[in-house]
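Structure first, commentary second.
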Amino acid sequence: MLEHNISLEGKTVLVTGAAGFIGSNLVVRLFKDVKNIKVIGIDSMNDYYDVNLKKERLSRIEALGRDWTFIKDSIANKACIDQVFAEYKPSVVV
0 MLEHNISLEG KTVLVTGAAG FIGSNLVVRL FKDVKNIKVI GIDSMNDYYD VNLKKERLSR
60 IEALGRDWTF IKDSIANKAC IDQVFAEYKP SVVV
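Going by numbering that gives the first Met the number 0, 13 is the number at position 14 of the sequence shown; the sequence numbering is gapless.
See below:
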């Protein structure tokens with residue numbers, strides 16, 4: 000079995016769908032496991048399901064007090080994504 004270990008220490012990670020179940024739990028886990036990490040979350044906050052639940056998830060992330068930036072927009076918005084990459088220069092996108 001091949002094993003790949005990628006250190007995320009000191010990296011910037013862009014998490015798409017950050018207000019969703021998987022995205023928000025990934026952000027919490029990254030902050031739990033990596034001491035020095037910056038996470039940029041992007042989510043359109045669509046109403047496919049309860050927007051208040053998404054807001055609660057984002058509040059939980061905010062409460063961690065870590066290096067976190069949230070952008071309310073769609074990953075389909077090329078201008079926004081171009082700006083995110085220019086400004087934050089993420090090393091990893093999930």
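Virtual Cβ for every residue (Gly too), placed ideally from N, Cα, C.
Cross-strand partners of residue i (DSSP beta bridge)
| i | result |
| --- | --- |
| residue 36 | 10 |
| residue 66 | Per DSSP, none; premise fails for residue 66. |
| residue 93 | None, per the DSSP bridge assignment. |
Beta-carbon proximity of residue i to residue j, cut-off 8 Å
| i | j | result |
| --- | --- | --- |
| residue 15 | residue 74 | yes |
| residue 43 | residue 72 | yes |
| residue 66 | residue 38 | yes |
Span separating the alpha-carbon of residue i from that of residue j
| i | j | result |
| --- | --- | --- |
| residue 77 | residue 36 | 25 Å |
| residue 60 | residue 23 | 7 Å |
Three-state class that DSSP yields for residue i in the structure shown
| i | result |
| --- | --- |
| residue 71 | strand |
| residue 41 | strand |
Burial state of residue i, where buried means 16 or more other Cβ atoms lie within 10 Å
| i | result |
| --- | --- |
| residue 13 | buried |
| residue 57 | buried |
| residue 98 | Given that the chain is displayed from residue 0 to residue 93, the structure contains no residue 98 and the question cannot be resolved. |
| residue 53 | buried |
| residue 29 | buried |
| residue 17 | buried |
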